[in-house]
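Contents: one structure, followed by commentary.
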Amino acid sequence: MKIVYTDNNATTKVADEVIEEMLPYLGEFYGNPSSMHTFGDQVGKKIKEARQKVADLINADPEEIVFTSCGTESDNSAIFSAIHAFPDKKHIITSNVEHPAVKNLFMHLGKKQGYKITFVPVDKKGILDTDQLYKRMTEDTALVSLMWANNETGVLFPIEEIAQKTREKGILFHTDAVQAAGKVVIDVKKTDVDMLSLSGHKIHAPKGIGVLYIKNGLKFSPFLIGGHQEKGRRGGTENTVSIIGMGKACELAKKNLPVVNTAVRKLRDYLQNQLLEKIPSCSVNGDLNLRLPNTLSIGFDAVEGESILLMLDRYGICASSGSACTSGSLDPSHVLMAMGVPFKSAHGTIRFSLSHYNTPEEMDHIILALISVIEKLRAMSPFWKNGKLI
Ligand SMILES: Cc1ncc(COP(=O)(O)O)c(C=O)c1O
């Protein structure tokens with residue numbers, strides 16, 4: 586059965602060009618980039634090239650790029666470094682729709698290290714309450730950490746404006762741009778953030794490679810203390826093969842950005858409009874305009890997201906649900922709950938996240954499959970009678 590992969594916010598296919606770029610460094614060129622000999626130095630030169638390509642994607646300088654093991658490590662390193670930079674400040678701010686890589690660390694810092702935490706709310710469209718954010722920034726605030734784009738709904742936060750406000754108040758600002766990269770323009774010269782996280786496996790590089798952008802001149806406390814690698818900002822022998830893959834993936838992401846914002850957006854909009862038209866009682870989660878071009882979070886009343894996913898799986902369709910299995914109960918995700926999405930549609934939410942590998946035929950396949958799946962599930966649902974939610 587052909588797989589229709591629409592779960593790109595979870596992870597992406599490693600691009601063929603990326604594999605091709607990496608293979609020689611997995612086999613023939615296995616030297617350590619720190620070695621003094623030419624054999625190792627060949628790898629060092631290739632890493633330098635990769636660092637430049639990553640920098641080019643976000644308009645950074647290459648020395649501002651630090652390679653890590655994943656987006657989670659980048660987020661954690663940025664947050665720990667910020668609180669070490671201001672040991673006397675005991676307040677940190679984030680939103681209530683962050684990825685666990687930020688949200689759970691904030692909760693940990695609140696519970697175990699006595700930090701006062703502000704979780705800034707979002708409205709029912711997932712838009713950040715910036716008035717609240719600016720009101721809560723005080724002399725005691727060490728850090729604001731906010732995601733550029735939400736992984737579940739694709740909703741974008743006004744990072745440029747927030748960066749300006751934090752700069753005016755002398756508060757460090759970190760943004761988790763893991764989902765934004767390759768989908769919206771990121772320019773760190775224009776958007777004056779202090780630190781920014783990326784993850785390879787969301788942009789067609791392998792899993793297990795991340796990037797932390799650290800603005801030139803910013804004092805940084807390393808999370809991994811070890812060798813002199815990454816100019817002492819992240820000890821440990823470099824993941825040479827994945828770094829080389831990440832460089833290529835960033836080069837491709839830059840090239841494909843216009844495609845994602847035209848062809849992929851068109852596919853997403855087609856899928857969205859056809860589903861809204863052909864299936865009764867369904868609604869899109871998140872602001873329709875301030876949103877990533879590839880993401881569609883859509884809730885179907887009176888059915889369970891997990892049942893939809895299992896049935897879509899039989900058609901070869903890969904998507905994800907808007908629920909999180911916590912201690913045996915299937916609750917809607919913290920993002921949908923924070924947005925106040927009603928239970929009846931939050932439970933039946935599916936996220937489709939597309940890439941430039943998707944085709945119009947695949948969208949038609951999904952539409953036909955979903956019409957049939959929702960009809961079957963509603964026929965069995967105690968909350969659905971005579972074509973209506975009860
Ligand atoms: C917004 C966001 N931040 C961070 C991460 C974590 O990235 P990684 O899986 O590379 O640790 C993800 C992954 O889903 C994400 O979507």
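So the sequence shown is numbered by our numbering: it starts at 586 and just counts up by one. The beta carbon of each residue, even a glycine, is placed where N, CA and C say it ideally should be.
Could you check if M732 belongs to the surroundings of ligand 1, using beta carbon to heavy atom distance under 7 Å?
Taking the first residue of the sequence shown as position 1, residue 732 is located at position 147. Checking every heavy atom of ligand 1 against the Cβ of M732, one is found closer than 7 Å.
Does P917 come out as helix, strand or coil in the three-state DSSP assignment?
For this step, residue 917 is matched to residue 332 along the sequence shown. Here P917 sits in strand by DSSP.
Which residues mark the beginning and the end of the beta strand (DSSP E) in which T934 is found?
Along the sequence shown, one-based indexing puts residue 934 at 349. Where T934 is concerned, the enclosing beta strand (DSSP E) stretches over T934 to S938.
If you run the structure through DSSP and keep just helix, strand and coil, what is A765?
Reading the sequence shown from its first residue, position 180 is the one you call residue 765. In the structure shown, A765 sits in coil (DSSP, three-state: anything other than H, G, I, E or B).
Along the chain, which unbroken stretches of the alpha helix (DSSP H) at least 4 residues long are found entirely within the segment 591-669?
Entirely contained in the segment 591-669, the alpha helix (DSSP H) runs reaching 4 residues are, in chain order, 601-611 and 623-643.
Roughly how many angstroms separate the alpha carbons of V589 and E823, rounded to a whole number?
Mapped onto the sequence shown, residue 589 falls at position 4. Mapped onto the sequence shown, residue 823 falls at position 238. About 34 Å.
Within 10 angstroms of the Cβ of Y615, are there 16 or more other Cβ atoms? Answer buried if so, exposed if not.
As a position in the sequence shown, residue 615 is number 30, starting the count at 1. Per the 10 Å Cβ criterion, exposed.
Enumerate in chain order the residues of its own chain whose CB-to-CB distance from V976 is below 8 Å, with the five nearest sequence positions on each side excluded.
Outside the modelled stretch of the chain, which goes from 586 to 975, sits residue 976, for which no answer is possible.
Taking just the CA atoms, how far does V773 sit from I864?
Numbered from its first residue, the sequence shown carries residue 864 at position 279. Numbered from its first residue, the sequence shown carries residue 773 at position 188. Near 42 Å, if we compare the C-alpha coordinates of V773 and I864.
Could you check whether A834 and I788 sit closer than 8 Å to each other, using their CB atoms as the reference points?
The sequence position of residue 788 within the sequence shown is 203, counting from 1. The sequence position of residue 834 within the sequence shown is 249, counting from 1. Contact: yes.
Is it the case that the segment 940-958 contacts the segment 850-863, given that we only count it when at least three CB pairs across the two stretches are under 8 Å?
Output reads yes: the segment 940-958 touches the segment 850-863.
Per DSSP, which residues does S550 bridge with? Please list them.
The requested residue 550 is not part of the displayed model; the chain covers only 586 to 975.
Say the cut is 7 Å; is the CB of G795 nearer than that to a heavy atom of ligand 1?
Here residue 795 refers to the residue found at position 210 when the sequence shown is read from its first residue. G795: yes, Cβ under 7 Å from ligand 1.
Strictly closer than 5 Å from CB to any heavy atom of ligand 1: give me those residues in the order they appear in the chain.
The answer, residue by residue, is C655, G656, T657, H684, A686, N736, D761, V763, Q764 and S784.
Buried or exposed: which applies to N736, given that a residue is buried once 16 or more other Cβ atoms fall within 10 Å of its Cβ?
As a working note, residue 736 is residue 151 in the sequence shown. It counts as buried.
For V651 and S966, I'd like the C-alpha separation in whole angstroms.
Counted from its first residue, the sequence shown places residue 651 at position 66. Counted from its first residue, the sequence shown places residue 966 at position 381. So the alpha carbons of these two residues sit roughly 51 Å apart.
Quick one: give me the first and last residue of the beta strand (DSSP E) that F704 is part of.
By one-based count along the sequence shown, residue 704 stands at place 119. K701 to V705 is the span of the beta strand (DSSP E), which, as asked, contains F704.
Pull up the CB-CB distance for I594 and Q764, whole angstroms please, since I reckon it's below 8 Å.
Stepping through the sequence shown from its first residue, residue 594 is reached at position 9. Stepping through the sequence shown from its first residue, residue 764 is reached at position 179. Correcting the residue type first, residue 594 is Asn in the shown sequence and not Ile. Right, their Cβ atoms sit about 6 Å apart.
Start and end of the beta strand (DSSP E) containing S866?
Counted from its first residue, the sequence shown places residue 866 at position 281. Counting along the chain, S866 falls outside any beta strand (DSSP E), and DSSP gives it neither H nor E.
If you count every other CB in all the chains shown that lies within 10 Å of the CB of I756, and 16 or more means buried, which is it?
Working through the sequence shown from its first residue, we reach residue 756 at position 171. The residue is buried, with at least 16 neighbouring Cβ atoms inside 10 Å.
DSSP three-state label for I712, please.
As a first step, residue 712 must be located in the sequence shown, where it is residue number 127. Note: I712 maps to coil in three-state DSSP.
Please tell me whether L718 and I677 are closer than 8 Å, where the distance is taken between their beta carbons.
By 1-based counting over the sequence shown, the position of residue 718 is 133. By 1-based counting over the sequence shown, the position of residue 677 is 92. Going by C-beta atoms, L718 is not nearer than 8 Å to I677.
Report the residue from T723, K709, H669 and V705 whose alpha carbon sits nearest the alpha carbon of Q698.
As a first step, residue 698 must be located in the sequence shown, where it is residue number 113. Of T723, K709, H669 and V705, the residue nearest in Cα terms is H669.
What whole-angstrom Cβ distance do L797 and S784 have, given they're in contact under 8 Å?
Residue mapping note: residue 797 aligns to position 212 of the sequence shown, counting from 1. Residue mapping note: residue 784 aligns to position 199 of the sequence shown, counting from 1. About 11 Å; that fails the 8 Å criterion.
Which value, in whole angstroms, describes the spacing of the CA atoms of E658 and R818?
The sequence position of residue 658 within the sequence shown is 73, counting from 1. The sequence position of residue 818 within the sequence shown is 233, counting from 1. Roughly 13 Å separates the two Cα atoms.
Going by the beta-carbon positions, is the gap between G907 and S938 smaller than 8 Å?
Here residue 907 refers to the residue found at position 322 of the sequence shown. Here residue 938 refers to the residue found at position 353 of the sequence shown. Their beta carbons are not under 8 Å apart, which means G907 does not touch S938 by this criterion.
Could you check what DSSP says for L728 in three-state terms: helix, strand or coil?
Translated into positions along the sequence shown, residue 728 becomes position 143. Strand, per DSSP.
Are the CB atoms of N874 and G884 within a distance shorter than 8 Å?
Taking the first residue of the sequence shown as position 1, residue 884 is located at position 299. Taking the first residue of the sequence shown as position 1, residue 874 is located at position 289. Cβ distance not < 8 Å, so G884 and N874 don't count as in contact.
Among all the DSSP beta bridges, which residues are the ones paired with G795?
Position 210 of the sequence shown, counting from 1, holds the residue named residue 795. DSSP, once it has assigned bridges, lists T653 and S784 as partnering G795.
Mind checking who F758 pairs with in its DSSP beta bridge?
Along the sequence shown, one-based indexing puts residue 758 at 173. For F758, which the question treats as bridged, DSSP gives the partners V729.
With DSSP collapsed to three states, give me the class of S562.
What is shown of the chain runs 586 to 975, which leaves residue 562 out entirely.
Look at the alpha carbon of V603 and the alpha carbon of E960, and state the distance between them as a whole number of angstroms.
By 1-based counting over the sequence shown, the position of residue 603 is 18. By 1-based counting over the sequence shown, the position of residue 960 is 375. C-alpha separation (whole angstroms): 41 Å.
Where do the N-terminal and C-terminal ends of the alpha helix (DSSP H) with F885 fall, by residue?
The count along the sequence shown starts at 1 and reaches residue 885 at position 300. Where F885 is concerned, there is no enclosing alpha helix (DSSP H), although the beta strand (DSSP E) it sits in stretches over T880 to F885.
Go ahead and label I975 buried or exposed: buried means 16 or more other beta carbons lie within 10 angstroms of its beta carbon, across all protein chains shown.
If you number the sequence shown from 1, residue 975 lands on position 390. Exposed: under 16 other Cβ atoms inside 10 Å.
Apart from the five residues on each side of it in sequence, which residues of its chain come closer than 7 Å, Cβ to Cβ, to F742?
For the purposes of this step, residue 742 is taken as residue 157 along the sequence shown, with counting starting at 1. The residues are L713, L731, M732 and W733.
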